[in-house]
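In the numbering used here, the protein residues as written are 222 to 426. Quick reminder that beta carbons are idealized off the backbone N, C-alpha and C, glycines included.
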């Protein structure tokens, strides 16, 4: 979703990759032409959603995006806020998403997660984030979190080795977790989903 110019039309966000994954705007989500982003008010029912043409199972992927929260990550605390979510249901090992919880940033599969401190996040300012998964099961080598171009020291939840089992043709949701109320109070820009694991050099680019 290239937000450098207005990608919205008739209640949707145009997929500028040409793959046709146009997302439907829900609630009060809108494109802000001044800051060139998708804005979410965090009050509930604000999200963008589309069903994508992904392969199922142990889905190798990367996600790159810019974000700015309207409250600090410390203030978010345990009132979890989700930036994006892949999956039809919130259940262990069948989803992949990025959220803030307990003043940590998570690349989560529900139960099988990695997370890092928010120390390197510029609070209430724009930051770039990227997460990568090379396949082969959850571990600190197969899954990485980058903030502003730098890989973060992460903690692994539960034992290594569990494979992701993402549904084929699953839902992509921006600004919330499918089936839950973990709405983002902030803005997202230049959201990109890749069906490959980006290298550290590619993340910086």
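Grab me the residues of residue i's own chain with a C-beta within less than 7 angstroms of its C-beta, minus the 5 sequence neighbours each way, in chain order.
i, result
"residue 383", "314, 333, 358, 359"
"residue 403", "301, 302, 303, 320, 397"
"residue 338", "325"
Where does residue i fall in DSSP's three states?
i, result
"residue 365", "strand"
"residue 380", "coil"
"residue 421", "helix"
"residue 297", "helix"
"residue 311", "coil"
"residue 394", "strand"
"residue 406", "strand"
"residue 306", "strand"
Between which residues of its own chain and residue i is the CB-CB distance below 6 angstroms, once the five residues before and five after are set aside?
i, result
"residue 284", "352, 414"
"residue 423", "none"
"residue 323", "299"
"residue 290", "407"
"residue 223", "237"
"residue 367", "351, 424"
If the criterion is Cβ atoms closer than 9 angstroms, does the pair residue i and residue j meet it?
i, j, result
"residue 240", "residue 273", "yes"
"residue 394", "residue 294", "no"
"residue 329", "residue 317", "yes"
Work out the CA separation of residue j and residue i for me, nearest whole Å.
i, j, result
"residue 232", "residue 247", "8 angstroms"
"residue 321", "residue 297", "7 angstroms"
"residue 279", "residue 409", "26 angstroms"
"residue 344", "residue 407", "12 angstroms"
"residue 254", "residue 341", "28 angstroms"
"residue 308", "residue 397", "11 angstroms"
"residue 266", "residue 252", "16 angstroms"
"residue 286", "residue 348", "9 angstroms"
"residue 242", "residue 235", "7 angstroms"
"residue 244", "residue 270", "5 angstroms"
Closer than 9 angstroms, CB to CB, is residue i near chain C or not?
i, result
"residue 299", "The structure shown contains no chain C; it holds only a single protein chain."
Beta-carbon within less than 8 angstroms of residue i's beta-carbon, same chain only, minus the 5 sequence neighbours each way: which residues are those?
i, result
"residue 281", "354, 355, 356, 416, 417, 418"
At 4 residues or longer, and completely inside the segment 222–268: list those alpha helix (DSSP H) runs for me, N to C. Uninterrupted alpha helix (DSSP H) stretches at least 4 residues long and entirely within the segment 222–268 do not occur.
I'd like the ranges of any beta strand (DSSP E) spanning at least 3 consecutive residues and lying wholly in the segment 335–364. 348–354
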